[in-house]
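>
Protein chains in written order, with the numbering used here: chain A, 852 to 1060; chain B, 259 to 967.
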């Protein structure tokens, strides 16, 4: 079960996050706004970033990308609103639905629950980065073939969750698949076809049917 | 030339499995929803909503918000009274979503609170706060209605066996994953909107009326959309607000609601409290029915339920209905409006009556099924066999514990007919490319694929050879996608348009082949003379003969290719853990007709989806209103539960193909019978009747303890 959980794999723990907030409150009084701070340097010096924009370097789908955003900007907003990578969706905005799932170093995370500044130095893969040109990833191909999508709004998130599962477990059982998809909500009711597609994709990438 | 669906063996696309034509776009993130539209200089709109369930708005001061450097436009909805927590008060457009949020906090609103009521029973009391001047209780016109004779003397007859129960269904929110909203961009008097809608023409006309500009000056686009389920027809307050803000700011504005707003403000399935009394002769012939129902659609909107349901031809029927207003967001159409509620009440009542009669429920249903409805009888036969109806507990609750199994039945009916108001155009270009155009919307059902596949098949081509275009007001006008009307309206129009284009192409080609047009056939990507293999053009060289102007075939929907009226039956097997109260649906057998099956792959998906929403409504979903504060306490996706991967049962879906009936819609019927089937299965498992949805573990445990006591 443990490796199915989608926690930001940034080294952030709940306790660490709370400690950070405490420091932030103490530090705000001495901050001047609107100054760009080099985030890594600032972090190293124990300084608090923002509230003005800071440069953020992200590696998305194998390409280095730079954005200047306020430190409060989530990874999801950086991708969608600043890099025009709109595949990941904001649906619940609070880590309940998985519509924003992307891979961080190959593992699924909720991009709405993570700050862009914390995703630096990680390999970020979005749904746009799976296909090689026109050649779909086996997970994507299986989703299309098995009609594992209806309105399609939850689909990028589910594709990434299944991709994440197959990255760490190339031979999943039906129960593995269900657990891997348990953090993604779909309103149209594609789940049974998603399960079919996930198992078919596992077979496909082993060179089966 | 009469156009007809060919024989099943001749149809190589319709009736088969076709992966969606927009599947690749959706799995790669390339599909652009309204929510995904980014434009240069785009501003973000947000709406300030009343935090109070009922209040007079004394004043609204936008000055501080407007003074914020990131705010580019602000507006006041000029409300005098707000009637539910969430009603629109003001709106802003700003350079980022965060700044817009900040700006909302700078708007100063002075409210004078008024007493509120959010409980439909309380709202009917004479001392309840009045939501509208004419009161909270709105009986149906001509209420009560009596059909046939008065049922009361029949119930009093000692020869009548009857049962009575009160069945309650909760408010359900649509919970579409893409929220309501649009992106609005003005260029002079021309307005373009990218909108998440079930009806681009409806959105266009709303905006054209609102701004008093010609309809032709508004362009509404909905390439793909993230679910609507009945809640997304007009432009909505959020849509007109986005366009107002864009106009004021002189820049495009994106205004998409938050999840919180989505739960509160843009529709829901109304509640129902159904007191049902139903009686039969001792041999199981239904003779008397009386229902007294009320429900709430919030501050407006009806809460009607079609009772008696399915078994309508009871000789003595009396129905009473009242809509009740409360301080909550208005109901809107939601997937088969009224029907799932009525089906839960009726399926439960019939199950109770069957037990009292000492009959099997299926036998009672069969006995009262009109002989014309051979389809439902067939569905009962198929479903009973596949679920193993004989495995049902003869004595409810008698199975071994602690996880007790049971099997139940639910039934439904729906219209789903096509109609006038939908047109299509099929264009054959000189380079051989083909476009099939119809201004309906793909709300996730797969109509885009159907619009492509029908044209392709008529022209002897493959699906990939045709570009299907839907969801745009530049296309031939189409129906709003609701009522399960899209396929039966669009399919005939496309078929006829393609036939017309084909006829025009044949006219061009016939002289070159030295034949008359009626001797030509389009097959396997070729056009040739029937029975003469030497006289043939491949598709590309055939189209090269067209000349410089493409061929256009156009048609409106016409009679003859679509039908109306479906039945439907579902059988559910559940497992109830009597120690935890948890209900798990183990298996659902869904047997559904829809006339001619167009795309078997997406048809099965529709049925899966209906069943899943039905399970979700039966066991999980509930809009919970807090009486003291008048607020919804669970306006998110964690506390408002919808079914997830771990709740999925085994599915056995049977979509009956009945080509002779023409195309009939399939979107709505599969959501209807599920809750009734699940509730009846729970009774069969534990021998305790649950008359209130959702059937949550707390209710199950409480009821089981009461039974023991």
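Backbone N, C-alpha and C fix where the C-beta goes; we use that ideal spot for every residue, glycine too.
#1: Pull out every residue of the segment 891-902 of chain B whose Cβ sits closer than 7 Å to any Cβ of chain E, in chain order.
#2: Quickly, what does DSSP pair residue 995 of chain B with across the bridge? List them, please.
#3: Using a C-beta to C-beta distance shorter than 7 Å, which residues of chain B count as neighbours of residue 1007 of chain A?
#4: Skipping 5 residues on each side, what residues in its chain have a beta carbon closer than 6 Å to that of residue 230 of chain B?
#5: For chain A, is any of its Cβ atoms less than 7 Å away from the one on residue 282 of chain B?
#6: Assign residue 983 of chain A to one of two classes, buried (16 or more other C-beta atoms within 10 Å of its C-beta) or exposed (fewer than that).
#7: Let's test the definition: count the other Cβ atoms within 10 Å of the Cβ of residue 1043 of chain A and tell me whether it reaches 16, buried, or not, exposed.
#8: Say whether chain A places a C-beta atom closer than 7 Å to the C-beta of residue 859 of chain B.
#9: Please name the residue, chosen from B:814, B:301, B:300 and B:338, that lies closest to residue 314 of chain B on a Cα-to-Cα basis.
#10: Output, in chain order, the set of chain B residues within a Cβ distance shorter than 8 Å of residue 1010 of chain A.
#11: Taking the alpha helix (DSSP H) that residue 1056 of chain A belongs to, which residues open and close that run?
#12: Determine the contact status of residue 888 of chain B and residue 929 of chain B, defining contact as a CB-CB distance below 7 Å.
#13: Can you list, in chain order, the stretches of the beta strand (DSSP E) that have 3 or more residues and sit fully within the segment 782-860 of chain B?
#14: Taking only runs of the beta strand (DSSP E) that begin and end inside the segment 584-612 of chain B, which ones reach a length of at least 3 residues, in chain order?
#15: Return the CA-CA distance between residue 557 of chain B and residue 586 of chain B, expressed in angstroms with no decimal places.
#16: Using 8 Å as the threshold, is the segment 1011-1022 of chain A in touch with the segment 297-304 of chain B, meaning 3 or more CB pairs across them?
#17: Suppose the cutoff is 8 Å on Cβ atoms and the five residues either side in sequence are ignored; what does the same chain contact list for residue 359 of chain B look like?
#18: How long is the line joining the alpha carbons of residue 356 of chain B and residue 690 of chain B, rounded to whole angstroms?
#19: I'd like to check one pair, residue 925 of chain B with residue 703 of chain B: are the Cβ atoms closer than 7 Å?
#20: Hey, out of B:473, B:914, B:950 and B:445, whose CA is closest to residue 847 of chain B's CA?
#21: What do you get for residue 621 of chain B, buried or exposed, if any count of 16 or more other CB atoms within 10 angstroms of its CB means buried?
#22: Given a cut-off of 7 Å, decide if residue 574 of chain B and residue 407 of chain B are closer than it, judged by their beta-carbon atoms.
#23: For the segment 929-943 of chain A, enumerate the residues whose C-beta is nearer than 9 Å to any C-beta of chain B, in chain order.
#24: Taking 7 Å as the CB-CB cut-off, is residue 491 of chain B touching chain A?
#25: Rounded C-beta distance between residue 598 of chain B and residue 872 of chain B? I'm assuming under 8 Å.
#26: For residue 961 of chain A, go through chain B and note every residue whose CB falls closer than 7 Å to its CB, in chain order.
#27: Step through the CB atoms of chain B and report whether any lies within less than 7 Å of the CB of residue 1019 of chain A.
#28: What does residue 317 of chain B pair with, by DSSP beta-bridge criteria?
#29: Near residue 910 of chain B, which residues of its chain fall below 6 Å by C-beta distance, leaving aside the five closest residues on each side in sequence?
#30: Can you check whether the CB of residue 332 of chain B is closer than 7 Å to the CB of residue 318 of chain B?
#31: Going by DSSP, what residue range makes up the alpha helix (DSSP H) through residue 910 of chain A?
#32: Residue 426 of chain B lies in the alpha helix (DSSP H); which residues open and close that run?
#33: Looking at the secondary structure, which residues open and close the alpha helix (DSSP H) in which residue 493 of chain B lies?
#34: According to DSSP, simplified to helix, strand and coil, what is residue 415 of chain B?
#35: Does residue 853 of chain A have its Cβ less than 7 Å from a Cβ in chain B?
#36: Beta-carbon separation of residue 783 of chain B and residue 719 of chain B under 7 Å?
The short version:
#1: Looking for chain E here will not work: the only protein chains present are A and B.
#2: Residue 995 of chain B lies beyond the stretch modelled for chain B, which goes from 259 to 967, so this question has no answer here.
#3: 287
#4: Nothing in the structure corresponds to residue 230 of chain B, since chain B is present only between 259 and 967.
#5: yes
#6: exposed
#7: buried
#8: yes
#9: B:338
#10: 285
#11: 1042-1056
#12: no
#13: 784-787, 790-796, 809-814, 827-835 and 841-851
#14: none
#15: 6 Å
#16: no
#17: 304
#18: 50 Å
#19: yes
#20: B:914
#21: exposed
#22: yes
#23: 931, 932, 935, 936, 937, 938, 939, 940, 941, 942 and 943
#24: no
#25: 7 Å
#26: Near residue 961 of chain A there are no residues of chain B at all, since even the closest Cβ is about 12 Å away, more than 7 Å.
#27: no
#28: B:368
#29: 644 and 847
#30: no
#31: Note, residue 910 of chain A: premise wrong, no alpha helix (DSSP H); beta strand (DSSP E) at 905-911.
#32: Note, residue 426 of chain B: premise wrong, no alpha helix (DSSP H); beta strand (DSSP E) at 418-427.
#33: Taken as a continuous stretch (DSSP letters only), residue 493 of chain B belongs to no alpha helix (DSSP H), as it is neither H nor E.
#34: coil
#35: Residue confidence is low: residue 853 of chain A scores 41 on pLDDT, short of 50, so the model does not pin down where it sits. No coordinate-derived value is stated.
#36: yes
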